[in-house]
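Protein chains in written order, with our numbering: chain Y, 238 to 352; chain A, 9 to 122.
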């Protein structure tokens, strides 16, 4: 699976959009971009994933560049409860011959939402 | 639907003791995994299972055993606890609904080995 690069930490004001970048320049054609987050002392939580099109759900939006070498997770109106470590992970799905049931979590980005 | 449950939440062991960390899921997921997380680090995969009766090693399997006799349960056994196994342990199960493959994590077990 391709490696990812994320900033160590970011700050965001409450109510503003939080834009978390991720570089994955070695991503291959059948690898998805997954985002998880981990609130302090809790288990990681799935946020969103995408292949090449932009995706949006009730939690966030995912913008993937046309060359797929980078992506941005957008939390449109950050709240204090969004303070967490955010993990960007690239992996192939099981249905694509991959093994995304055993993900590789790096150190992620610590997002701190300030009042 | 309880999702992924783990017991106990906290445990203190003495070096050399053995114990079993329990993990159960009620979502009928085929795939289950165990991770450990040390301070300031990401999660590292210990063992995983692709179905009942099938297990395999992850990145850091030494000192741990697993078994998968049912779809629901995936216990992790520490054979002889060592201080280096002090960590937070997370169990996860994976949904394979079409291409929407995501992991669901339990709340974790915090283990201290003295």
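Glycine included, every Cβ here is placed at the ideal spot set by N, Cα and C.
Burial is judged here by how many other beta carbons sit within 10 angstroms of a residue's own beta carbon; residue 295 of chain Y has fewer than 16 and is exposed. Under a criterion of Cβ atoms nearer than 9 Å, the residues of chain Y adjacent to residue 113 of chain A are, in order, 273, 275, 279, 280, 281, 282 and 283.
Interface residue (Cβ-Cβ distance to chain A less than 8 Å): residue 257 of chain Y is not classified as such. Look at residue 120 of chain A: its C-beta is not under 8 Å from any C-beta on chain Y. Around the beta-carbon of residue 122 of chain A, fewer than 16 other beta-carbon atoms lie within 10 Å, marking it exposed. Between the region 90-107 of chain A and the region 34-42 of chain A, the count of C-beta pairs closer than 8 Å reaches three or more; the two stretches touch. DSSP, read as helix, strand or coil, puts residue 248 of chain Y in strand. At a cut-off of 8 Å between beta-carbon atoms, residue 98 of chain A makes contact with chain Y. The closest CA to that of residue 120 of chain A, considering only A:16, A:11 and A:12, is found on A:16. Nearest in C-alpha terms to residue 77 of chain A, of all of A:66, A:49 and A:61, is A:61.
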